[in-house]
Every structure is written in C-alpha cells, then in structure tokens.
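This report concerns only the one structure given below.
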Amino acid sequence: MTEQLRPDQGRMDYLDGNVLAGPMRDVFAVDLTTATGRCASCGQTSPMAGLRVYSNAPGVVARCPACEEVMLRLVRTPTSAWLDLRGSTFVQIPMPAEPAMMPGPTAM
Amino acid sequence: MGIVSPGFQGRRRPSGPNLPPGQYLTEDWPVLSAGPTPRVPLTDWEFVITTESGSEVRWSWDEMWALPNETPTVDIHCVTHWSKLGTNWQGVSLDTLLDGVDTTADYALVHSYGGYTTNLPLHDLRDGRAWVVHRYDGADLPAEHGGPARLLVPHLYFWKSAKWVRGIRLGLTDEPGFWETAGYHDYGDPWREQRYQGD
Ligand SMILES: [Zn+2]
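Going down the list, the protein sequences come from chains A and B.
Mind the numbering: the first sequence is residues 1 to 108 in the UniProt record's numbering, read in order.
Mind the numbering: the second sequence is residues 1 to 199 in the UniProt record's numbering, read in order.
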C-alpha cells in the first residue's frame, strides 16, 4: 500500500485502489486490478487502482477520485460477501480474447 | 486477515461482565471512517429534524448548545469488536430535541455531513438513551471522531452513532442506511450480537 501526501492536509486518509485486488479476488475469479468503472454520480471513468479506498470501517468503501462519491462497497460477513455497485454505472473488465467467433447464430 | 474482514487488531483482553459477546476491551480509540472527514465551519453548522409531513425544526450551533446539556458516561461497542468503557460526553438529549416535535413516526434516518446515513427506530432515540454530543472527555470532539458534533446512541453498535451528524428524518417506514443496505443488521443490538443481516 502506498503512502502519499495530499496537499491540503498532510497524510491522506485513504488507500489507493490496488488494495481492492485481494478482497475482490475472493469474490470474482478474474483479476480486477485493470478493471475500470464509471462513477454514477459524476460520470468519470476511473481505473479501479485509481479509486480512493477507505478500509478502516465496517466494510471497504471505494470512492470516485473526482467527486468522492461512493462507487463500491464490499462487506464481508462470516458467511457471505455483500457487493454494492449502485455508485458505478458499469465495471469494464479486460478479458482474454474470445475464440474465433462462429459465423452467425446457429439454428437451434 | 484481509482488509474486508472487520476485526479490531489491537491488543485484546478477555471479555468481562461489561462486555457484550464477541467484544474486546480497548483503552485507545480506533478511528473508523467510510470517507473523507468533512470540515464544517460552526457558522454554517445546523441540525435539523424533519418530520414525516415535511416540517422542519432547525438549530444553529449556538442555539443547540444553549439547550440544557447532559454529561452521559457510557460504554461504547463497535461492530468491529472493540468496546470502550466509561466514556465521558457532553451534549443535548434527543428527548430535549424531540420535545415539541409533532410526529407519529416510528422510524428515524440519521444523516451526516459527508453523506453518511444510518437508521433506527425512533423509540431508541427517546428515554434518555441518545444525545447529540459536541464534547468528549472535557474537550471539543475531534473531527476524526465526528466533530464538531455526532450522534451518541450507546446501546446500539457504534455505527448507529453517526459522526458529523446533520439531522434526522422521521418516517412511517424503515429506510436502511449506509451500512444497513450493505449486509449489516437493521437494528444492531450488541448484547444480542446483531452484527449482520440474519443475526
Ligand atoms: Zn464521481
């Protein structure tokens, strides 16, 4: 985790989005470190690593770097994970290239 | 332990008779926060109670603390497993603030500067069990702990004691707040260990 200084008030109070990789890997089988998401509040698209993460909390809260609104909340209970993405209009996840597409739909 | 698992990682002591199940005693005071700390100038600060009919009662900073103050000494219990006993506060009882507010609401949604929300039955704000506090241990409440003023509802898990409190909306229906919509218990009684939905 990187420590950075924020110009206005000394040590920053959040972590960078790279810390999401571990807990998100517990939920999704894909690596989300290179995923991007669009903020439902201001519309900015950000890489997950660019989100501001607050984890000294009952769950993990990731906020938009532009407007500071919540884009992702993840709560881990003993028996389940609660993922709330209402603050993101999409999450784009880079995937391996698909095998060659079939030429048109196949009749059933 | 991953960053998602809520768990206080300070020095742990065994539970005692004053500790709810699953809690550990701490002498320091961990700072929990789901976002940046709002900085609210006292000249702009206000506290507002909104009733189910939409009428509002407002207090400025000076009006609020001109009301009769109380100095509760209470135990606080965080859902991340730490408890702190015998904490000293100064503030105004919700009984005082709700006195004269015309409502038949059953539920309260507390909202804060910075956007945080938490819900609880209105009944739990009454009968000397809840305060808006602005001082802790004889000093102004630090911003990282919710200053200039926070809610204090010590008989429920501490996420219900909203930091940077701005107001309360009274309603006829229950509206889950920030953590209550993300897996945490709607009520949050530490003595019944109501941490998560289904507990
Ligand atoms: Zn945004």
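Where a beta carbon is used, it is the ideal one built from N, C-alpha and C, also for glycine.
Computed from a predicted structure; not experimentally measured.
Between residue i and ligand 2, is the CB less than 8 Å from at least one heavy atom?
i, result
"residue 44/A", "Questions concerning ligand 2 fall outside what the structure shown contains, since the ligands it does hold are ligand 1."
Mind listing the chain B neighbours of residue i? Cutoff is C-beta to C-beta under 7 Å, in chain order.
i, result
"residue 17/A", "Residues of chain B passing the Cβ test: none, with the nearest at roughly 12 Å."
"residue 31/A", "Chain B residues near residue 31/A: none, gap ~16 Å exceeds 7 Å."
Can you tell which of the options has the C-alpha that lies nearest to the C-alpha of residue i?
i, options, result
"residue 122/B", "28/B, 178/B, 174/B, 68/B", "174/B"
"residue 144/B", "164/B, 133/B, 160/B", "164/B"
"residue 61/B", "180/B, 54/B, 44/B", "44/B"
"residue 52/A", "33/B, 69/B, 188/B", "33/B"
"residue 114/B", "148/B, 36/B, 104/B, 169/B", "36/B"
"residue 98/B", "64/B, 106/B, 139/B, 49/B", "49/B"
"residue 112/B", "103/B, 135/B, 20/B, 146/B", "146/B"
"residue 31/B", "83/A, 13/A, 98/A", "13/A"
"residue 48/A", "97/A, 95/A, 79/A, 88/A", "88/A"
"residue 104/B", "141/B, 169/B, 135/B, 38/B", "169/B"
"residue 194/B", "26/A, 86/A, 94/A, 78/A", "78/A"
"residue 64/B", "51/B, 150/B, 117/B, 162/B", "150/B"
"residue 80/B", "142/B, 25/B, 141/B", "25/B"
"residue 27/A", "76/A, 43/A, 98/A, 95/A", "76/A"
"residue 41/B", "166/B, 20/B, 190/B", "166/B"
Does any residue of chain A bring its CB to less than 9 Å from the CB of residue i?
i, result
"residue 109/B", "no"
"residue 192/B", "no"
"residue 165/B", "no"
"residue 112/B", "no"
"residue 61/B", "no"
"residue 21/B", "no"
"residue 82/B", "no"
"residue 159/B", "yes"
"residue 103/B", "no"
"residue 26/B", "no"
"residue 36/B", "yes"
"residue 138/B", "no"
"residue 146/B", "no"
"residue 171/B", "no"
"residue 187/B", "no"
"residue 91/B", "no"
"residue 54/B", "no"
I believe residue i touches residue j by the beta-carbon criterion, under 8 Å. Please report the beta-carbon distance rounded to the nearest angstrom.
i, j, result
"residue 91/A", "residue 37/A", "5 Å"
"residue 81/A", "residue 72/A", "So it is not a contact: roughly 12 Å between Cβ atoms."
"residue 84/B", "residue 120/B", "About 20 Å separates the two Cβ atoms, so there is no contact after all."
"residue 197/B", "residue 184/B", "7 Å"
"residue 125/B", "residue 94/B", "4 Å"
"residue 66/A", "residue 44/A", "4 Å"
For residue i and chain B, any beta-carbon pair shorter than 9 Å?
i, result
"residue 13/A", "yes"
"residue 88/A", "no"
"residue 65/A", "no"
"residue 80/A", "yes"
"residue 5/A", "Residue placement at residue 5/A cannot be trusted, given a pLDDT of 44 that sits under 50; what the coordinates show is reported in the next sentence. For residue 5/A, the answer is no, since every Cβ of chain B falls outside 9 Å of its Cβ."
"residue 91/A", "no"
"residue 97/A", "no"
Below 8 Å on C-beta distance, what does residue i contact in chain A?
i, result
"residue 79/B", "58"
"residue 32/B", "56, 57, 58"
For residue i, which residues in chain A fall below 7 Å Cβ to Cβ?
i, result
"residue 17/B", "Chain A residues near residue 17/B: none, gap ~25 Å exceeds 7 Å."
Exercise for the section: Evaluate contact between the segment 150-166 of chain B and the segment 72-86 of chain B, counting only Cβ atoms and requiring at least three cross-stretch pairs below 8 Å. Expected result: These segments touch.
Practice task
Kindly confirm or deny that the segment 45-62 of chain A and the segment 178-185 of chain B touch, where touching means at least three C-beta pairs closer than 8 Å.
Solution key: Verdict: yes, contact present.
Exercise for the section: Specify whether the segment 88-99 of chain B and the segment 131-140 of chain B touch according to this definition: at least 3 beta carbon pairs, one from each stretch, less than 8 Å apart. Expected result: Segment contact: the segment 88-99 of chain B against the segment 131-140 of chain B, three or more CB-CB distances shorter than 8 Å; contact assigned.
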